[in-house]
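Report on one structure; see the data block that follows.
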Amino acid sequence: MKVTYSIVAPIYNEIENLPELYKRVKGVMDSTGESWELVLVDDGSTDGSTDKMRDLAKQDERVRSVIFARNFGHQIAITAGWDYARGDAVVIIDADLQDPPEVILELAKKWKEGYEVVYAVRAEREGESWFKLWTASLFYRIVYHITDVKIPLDTGDFRLMDRKVVDVLKSMRERHRFPRGMSAWVGFKQIGVEYKRAARHAGVTKYPFNKMLGLALNAITSFSYFPLQVATYFGFLSAGISILAIPVVIYMRMAGIPQFTGQATTLIAVLFLGGVQLISLGILGEYIGRLYDEAKGRPLYIVREAPKD
Ligand code: UDP
Ligand code: MG
Numbered sequence: 156m157k158v159t160y161s162i163v164a165p166i167y168n169e170i171e172n173l174p175e176l177y178k179r180v181k182g183v184m185d186s187t188g189e190s191w192e193l194v195l196v197d198d199g200s201t202d203g204s205t206d207k208m209r210d211l212a213k214q215d216e217r218v219r220s221v222i223f224a225r226n227f228g229h230q231i232a233i234t235a236g237w238d239y240a241r242g243d244a245v246v247i248i249d250a251d252l253q254d255p256p257e258v259i260l261e262l263a264k265k266w267k268e269g270y271e272v273v274y275a276v277r278a279e280r281e282g283e284s285w286f287k288l289w290t291a292s293l294f295y296r297i298v299y300h301i302t303d304v305k306i307p308l309d310t311g312d313f314r315l316m317d318r319k320v321v322d323v324l325k326s327m328r329e330r331h332r333f334p335r336g337m338s339a340w341v342g343f344k345q346i347g348v349e350y351k352r353a354a355r356h357a358g359v360t361k362y363p364f365n366k367m368l369g370l371a372l373n374a375i376t377s378f379s380y381f382p383l384q385v386a387t388y389f390g391f392l393s394a395g396i397s398i399l400a401i402p403v404v405i406y407m408r409m410a411g412i413p414q415f416t417g418q419a420t421t422l423i424a425v426l427f428l429g430g431v432q433l434i435s436l437g438i439l440g441e442y443i444g445r446l447y448d449e450a451k452g453r454p455l456y457i458v459r460e461a462p463k464d
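Residue 205 in our numbering sits at position 50 of the sequence shown, with consecutive numbering throughout.
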C-alpha cells in the first residue's frame with residue numbers, strides 16, 4: 156500500500172491523550188486529501204494505553220500499533236517508528252499533544268517545496284515550570300556548543316523527514332542515540348518552522364530530571380569527544396602551573412619566606428589533582444560503558460506485537 160504521510164507517536168502511559176491524539180491527527184491529515192497512517196509505538200505502558208491502541212487499530216486500519224516488550228525509552232520508540240513507517244514523509248510527534256498536529260500542515264508545505272528535513276522550532280512554550288524551561292534552554296545551548304554537529308536550538312523531535320532521510324537513519328543502529336542530533340548529522344536540505352508548543356493535554360511529563368540528564372549525556376557523547384579532551388587540558392594546565400611554581404618555591408625557601416611550608420598546601424594540591432583524576436576516569440567510564448553496550452550488539456528493542464501488515 157502506498158502511504159504519503161506516516162505520523163509516528165511514542166506512547167508511554169498516555170491513555171488520556173490517545174483518543175484526542177487520534178481525533179486531531181485524523182482531522183488534520185484527512186484535510187490534506189492524501190493517504191496517511193498513524194504509527195503508535197507503545198513503550199511499555201502500564202496504564203492500559205496498550206489496549207486503547209489495539210482498539211484504535213481495530214477501528215481504523217490506518218492506525219498501526221507496535222508494542223514493545225518493556226520500556227525502552229523515548230529515543231528507541233522513535234527509532235521503531237522510523238523502522239515501521241511506510242510513508243514518503245515521516246513525522247515524529249509527541250503523544251501528549253504538546254506538538255499540535257495542525258503544525259504538520261506547515262511542515263508538509265516546506266516538504267513540498269523540496270526540503271528533506273523540516274524541524275519544528277519552539278518559539279514559545281506554554282504550561283511548563285520555570286525549572287523545565289531553564290534546564291531545557293541550558294541543555295540545548297550546552298549541546299550546541301559542545302557537539303561537532305550543529306543541532307538546531309530549541310528544537311525537539313517534532314519534525315518531518317523525507318523517505319530518503321529516514322532510510323539513512325534506519326541504517327544507523329547506535330544504541331545510545333539522540334535522534335534530533337542524528338537527523339542533523341545526515342545533512343540533506345533542512346529548514347526550521349516556528350511553532351507555539353502547547354501545554355500537555357493530560358497526564359504528567361515522563362521526563363524526570365534524571366532522564367533529561369541521561370539524554371544530555373547521550374547527546375554529548377554521541378556527537379563529541381570534548382569531555383575526553385578536558386582531561387588533557389587540565390593536565391597541561393596543572394603541569395604548567397607546577398613547573399612555574401617550582402622556582403618560586405625554591406626561591407622563597409632560600410630567602411626564608413615561610414609560605415608553602417606545612418601540610419595544608421600539600422593536602423589541597425593532592426585533593427585537587429585526585430579529584431580531577433577521578434572525574435576524568437568517570438568521563439572515560441561513560442565512553443567505555445557506551446562502547447561496551449555497542450559491542451554487545453543487542454537488538455535496540457524487542458517487539459511483542461508488530462502491526463499486521
Ligand atoms: N515517552 C516514551 N518513553 C519514555 C518516556 C516518554 O515513549 O520512556 C513518550 C511520551 O509518551 C511522549 C513523548 O515521549 O509521547 C514525550 O514525553 P513527555 O511529554 O513526557 O516529555 P516532555 O514533553 O515533558 O519533555
Ligand atoms: Mg510532553
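Where a beta carbon is used, it is the ideal one built from N, C-alpha and C, also for glycine.
Quick caveat: nothing in here was measured; it's all calculated off a predicted structure.
Going by DSSP, name the residue or residues bridged to residue i.
i      : result
ARG277 : TYR350
ARG219 : VAL194
MET316 : VAL245 and VAL272
ILE166 : ASP197
LEU161 : The amino acid at residue 161 is misidentified as Leu; the sequence shows Ser. Answer is GLU192 and VAL245.
GLN345 : VAL272
VAL458 : PHE223
THR310 : VAL276
Taking the Cβ atom as the reference point for each residue, do residue i and residue j lie within a distance shorter than 9 Å?
i      : j      : result
PHE333 : GLN230 : yes
ALA164 : ALA244 : no
VAL183 : ILE259 : yes
TYR167 : ALA461 : no
SER338 : VAL425 : no
ILE222 : THR201 : no
PRO256 : VAL180 : yes
LEU455 : ARG328 : yes
LEU372 : GLU441 : yes
SER393 : LEU422 : no
GLY282 : ALA357 : no
PHE343 : LYS319 : yes
THR290 : MET409 : no
PHE389 : VAL431 : yes
LYS267 : ILE346 : no
ARG209 : HIS331 : no
Sorted by chain position, which residues of the same chain lie with C-beta nearer than 6 Å to residue i's C-beta, five sequence neighbours on each side aside?
i      : result
ARG471 : Beyond the ends of the chain as shown, which are 156 and 464, falls residue 471; an answer cannot be given.
THR302 : PHE378 and SER379
GLU349 : VAL276 and ALA278
ARG225 : GLY199
Whose C-beta lies closer than 7 Å to the C-beta of residue i among residues of the same chain, with five residues either side of it excluded?
i      : result
ILE247 : VAL163, ILE233, GLY236, ASP312, PHE313 and ARG314
ARG217 : TRP191, GLU192 and LEU193
ALA212 : VAL218, ARG219 and SER220
LYS207 : ILE170 and LEU173
TYR362 : none
ILE396 : none
VAL323 : VAL341
THR159 : GLU189, SER190, TRP191, GLY242, ASP243 and ALA244
Buried or exposed for residue i, please, with buried defined as at least 16 other CB atoms from any protein chain shown within 10 angstroms of its CB.
i      : result
SER186 : exposed
ILE306 : buried
TYR274 : buried
ALA156 : Here residue 156 is Met; the residue named in the question, Ala, does not match the sequence. Answer is exposed; the Cβ neighbour count stays below 16.
LEU262 : buried
GLN253 : buried
LEU399 : exposed
SER326 : exposed
PHE286 : exposed
PHE227 : buried
GLY242 : buried
LEU433 : exposed
ARG335 : buried
LEU439 : exposed
VAL359 : exposed
VAL115 : What is shown of the chain runs 156 to 464, which leaves residue 115 out entirely.
SER161 : buried
LEU288 : exposed
TYR270 : buried
Could you pull out every residue in the same chain whose Cβ sits closer than 8 Å to the Cβ of residue i, ignoring the five residues on either side in sequence?
i      : result
ILE375 : ILE297, VAL298, ILE301, THR302, PHE381 and PRO382
TYR177 : LEU193, LEU211, ASP215 and VAL218
ASP464 : MET156 and ARG219
GLY203 : ILE170
Original post:
Does the count of Cβ pairs from the stretch 373–381 and the stretch 291–303 closer than 8 Å reach three?
Top reply: yes
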